[in-house]
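Chains as they are written, first to last, in our numbering: chain A, 202 to 638; chain B, 18 to 329. These notes are about the structure you will find just below.
As structure tokens, then:
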């Protein structure tokens, strides 16, 4: 096994070099263009397109037979495949334009109908005499491991085209993806841009079908962008990340299948991509599950602490602060409350007083005053300006108090009449701290 | 063209399979899960391989069971990724079915060491060979009839629940209908229908009939009961007309075109799918023309408007 790995790493095999270069470049290009497909919610368009090339392949062969020349020439069949792929794509766009049928249904319709028609034509092609029609599908729908140097050059050319267009029209494509309506209203040729984007997908799909096969085309258009989505919310980061993940998956897959030569290369590449997706799903920097659950935990913790401090402050206003008193303030469980009290004590916001009593430290007092102030300002605002019933303001204010930012609090202060709040809204802690009134 | 008993059975079986698919298909369309059929037909591969590896025989039943489990798993995993990871539905489906299909290819390659297992042979039947069966009624016709009746029964039994779940899952949940269970049930029905059907008649007919008849019906009506009924009609029609075209019209046209006159029948399943598509496009065009006329007719004339204003 080590021997095979060394052999792969030193790139001794000509064939390995070709497959590695071709698959990696294809992975990068598919990841790049797939990003835009993902954002336009058309990830599976590659699947539809790949299936809808079949009638073109069979049709091209039939036309060649009718005209009396050998149909099994690659450029001729590829031209047929491209033509029917483009037709399929156009039909998807037309269905969407002329009916209320959703994108996903339009793609499924085109996929199945075109593929069905293709199967029909293929069964006719197989009956033609001469026997050179045998394996027509396999002739056009390639396998990654049997990629030739010509295929790799084709992929390189197609990928450079795609990358060039994406770089040149990056701004336009992003506008198309995020706000089609705004793009149209600003005078951008939205339909032309859409067709151009789809055209690039056709280029990469048809070239890919021939060189690496349908499965890998679909997978590399879908999986790397979906994985990259977890790493950034910015298209400028996400698109290169998707390209990198596509490249990495292809590289890893080719390496793995060089070590285990019996495994189908395309399938191994897909599994590498799936592995990248799983990693991104859990550990992604922007939307990964780990990160979002940590953020959720931190937010919950802050919420609990703020509730505790406010409850302590409110108890202080009426007398002593004991856990028993605090329990009456909110519907929290005794254990939960005890844990939160311990946490706040170790954070230096609370301290134990005589008996089972609690008191705020000076830092805790500032913080608690700020919270109570936010809460009551918002309550007042709701009472006077939003006509919320007095019995409901406490609950409504409870929801919003944690997210009031200082500028909004200032605004509330200005809006609300000074004397109205004097009585029960605590003073701005900043002023209390510096001794100003 | 010679019409034989076999042709009758092909049409009957094709119509039953198509109608069996059309029923869950309507709900898939409404739930925006149209690509699920295509995804399941790919994703069952590891299920087949594992069923084969576990049972150690080429018996159909364990493999079919494995395939159904894999199909349900596809739906479940897609939903999970979509919800937890906040991923677009289509992308989540693509990630899952591509990965499972690749896993299946690798498992089959590993299994192939022990015995020759060609997924093409095990997995994809054709309707023409499926009806060549001894006995008065082919097994496949009975099987697809059974599935059709079961799907119809389930759709009628849970009609209200399915309708609410499809149109307003939140309201359904609020009314005490387990929306998630309904959706899992739909996935299960889809998986069973898909697997059983494509084991006998091939995947292409299933994928097409899950979506196309329902979409055609939705062009005409938005009332669920009518849509279900119409989709059954379109499915049965596509099956009958498709087979008729596959043995008569298409071979004749292709023979004229290529100049090779011994051309026999073409794939019935493929032609049924294509016919369903033709019906869809015809209805779409008609609806557009009629809709255009209706819009023009409904437009108030200049004189009318002035008159009505005056009387008001």
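Using N, Cα and C, we set each Cβ at its ideal position, and we do this for glycine too.
Going by DSSP in three states, residue i sits in which element: helix, strand or coil?
i	result
residue 217 (chain B)	helix
residue 212 (chain A)	coil
residue 553 (chain A)	strand
residue 138 (chain B)	Note that residue 138 (chain B) scores 48 on pLDDT, short of 50, meaning its location in the model is unreliable; the coordinates nonetheless yield the value given after this. Looking at residue 138 (chain B) - three-state DSSP - the assignment turns out to be helix.
residue 329 (chain A)	coil
residue 559 (chain A)	strand
residue 354 (chain A)	helix
residue 323 (chain B)	In this prediction, residue 323 (chain B) has a pLDDT of 42, which is less than 50 and means its spatial position is unreliable; what the coordinates show is noted afterwards. Correct three-state label for residue 323 (chain B): helix.
residue 102 (chain B)	coil
residue 149 (chain B)	coil
residue 639 (chain A)	With chain A covering 202 to 638 only, the question about residue 639 (chain A) has no answer from this structure.
residue 32 (chain B)	helix
residue 585 (chain A)	helix
residue 501 (chain A)	helix
Counting contacts by CB-CB distance shorter than 8 Å, is residue i in contact with chain B?
i	result
residue 328 (chain A)	yes
residue 465 (chain A)	yes
residue 254 (chain A)	no
residue 215 (chain A)	no
residue 282 (chain A)	no
residue 482 (chain A)	yes
residue 582 (chain A)	no
residue 317 (chain A)	yes
residue 248 (chain A)	yes
residue 263 (chain A)	yes
residue 227 (chain A)	no
residue 360 (chain A)	no
residue 321 (chain A)	yes
Suppose the cutoff is 7 Å on Cβ atoms and the five residues either side in sequence are ignored; what does the same chain contact list for residue i look like?
i	result
residue 282 (chain B)	263, 264, 268
residue 118 (chain B)	59, 60, 62
residue 404 (chain A)	359, 362, 363
residue 146 (chain B)	none
Could you tell me which chain B residues have their CB closer than 7 Å to the CB of residue i, listed as they occur along the chain?
i	result
residue 244 (chain A)	105, 107, 108, 111
residue 666 (chain A)	Shown here, chain A extends from 202 to 638; a query on residue 666 (chain A) therefore has no answer.
residue 266 (chain A)	275
Counting only beta-carbon atoms, is residue i nearer than 8 Å to chain A?
i	result
residue 140 (chain B)	Confidence in residue 140 (chain B) is poor, its pLDDT being 48 and thus under 50, which makes the residue's placement unreliable; the coordinate value appears in the next sentence. Residue 140 (chain B) does not count as touching chain A.
residue 32 (chain B)	no
residue 221 (chain B)	yes
residue 244 (chain B)	no
residue 264 (chain B)	no
residue 224 (chain B)	yes
Excluding the five sequence neighbours on either side, which residues of its own chain have a C-beta within less than 6 Å of the C-beta of residue i, listed in chain order?
i	result
residue 582 (chain A)	613
residue 210 (chain A)	none
residue 139 (chain B)	Confidence at residue 139 (chain B) is low in this model, with a pLDDT of 47, below 50, so its placement is unreliable and the value that follows should be read with caution. Cβ neighbours of residue 139 (chain B) beyond the five flanking positions: none.
residue 241 (chain B)	180
residue 110 (chain B)	52, 56, 95
residue 98 (chain B)	104, 109
residue 376 (chain A)	384
Given that residue i touches chain B, what residues does it touch there, using C-beta distances under 8 Å?
i	result
residue 490 (chain A)	101, 102
residue 586 (chain A)	Result: empty, since nearest Cβ-Cβ is about 31 Å, beyond 8 Å.
residue 344 (chain A)	Near residue 344 (chain A) there are no residues of chain B at all, since even the closest Cβ is about 11 Å away, more than 8 Å.
residue 601 (chain A)	Residues of chain B passing the Cβ test: none, with the nearest at roughly 24 Å.
residue 424 (chain A)	111, 112, 115, 116
So residue i contacts chain A; which residues on that side make the cut at Cβ distance below 7 Å?
i	result
residue 228 (chain B)	306, 309, 310, 313
residue 297 (chain B)	310
residue 126 (chain B)	463, 464, 465
Since residue i and residue j are thought to touch, with beta carbons under 8 Å apart, how far apart are those beta carbons, to the nearest angstrom?
i	j	result
residue 284 (chain B)	residue 324 (chain A)	4 Å
residue 470 (chain A)	residue 451 (chain A)	5 Å
residue 408 (chain A)	residue 446 (chain A)	In fact, because the Cβ distance is near 20 Å, the residues do not count as touching under 8 Å.
residue 472 (chain A)	residue 120 (chain B)	7 Å
residue 260 (chain A)	residue 285 (chain A)	7 Å
residue 292 (chain B)	residue 253 (chain B)	Incorrect: roughly 11 Å between the Cβ atoms, too far for contact.
Run through chain B and tell me which residues come within less than 9 Å of residue i, C-beta to C-beta.
i	result
residue 472 (chain A)	116, 119, 120, 123
residue 412 (chain A)	In chain order: nothing, as chain B lies at least about 17 Å away.
Taking C-beta pairs closer than 9 Å, name the residues in chain A that residue i reaches, listed in chain order.
i	result
residue 240 (chain B)	Under the 9 Å cutoff, chain A gives no residues; its nearest Cβ is about 15 Å from residue 240 (chain B).
residue 36 (chain B)	Near residue 36 (chain B) there are no residues of chain A at all, since even the closest Cβ is about 16 Å away, more than 9 Å.
List, in order along the chain, the chain A residues whose C-beta lies closer than 8 Å to that of residue i?
i	result
residue 306 (chain B)	Near residue 306 (chain B) there are no residues of chain A at all, since even the closest Cβ is about 11 Å away, more than 8 Å.
residue 163 (chain B)	In chain order: nothing, as chain A lies at least about 24 Å away.
Under 8 Å Cβ to Cβ from residue i, same chain only, skipping five residues before and after it: list those, please.
i	result
residue 148 (chain B)	23, 26, 27, 30, 155, 157, 158
residue 492 (chain A)	484, 485, 486
Which residues of the segment 51-74 of chain B have a Cβ closer than 9 Å to any Cβ of chain C? Give them in chain order.
The question asks about chain C, but that chain is absent: this structure's protein chains are A and B.
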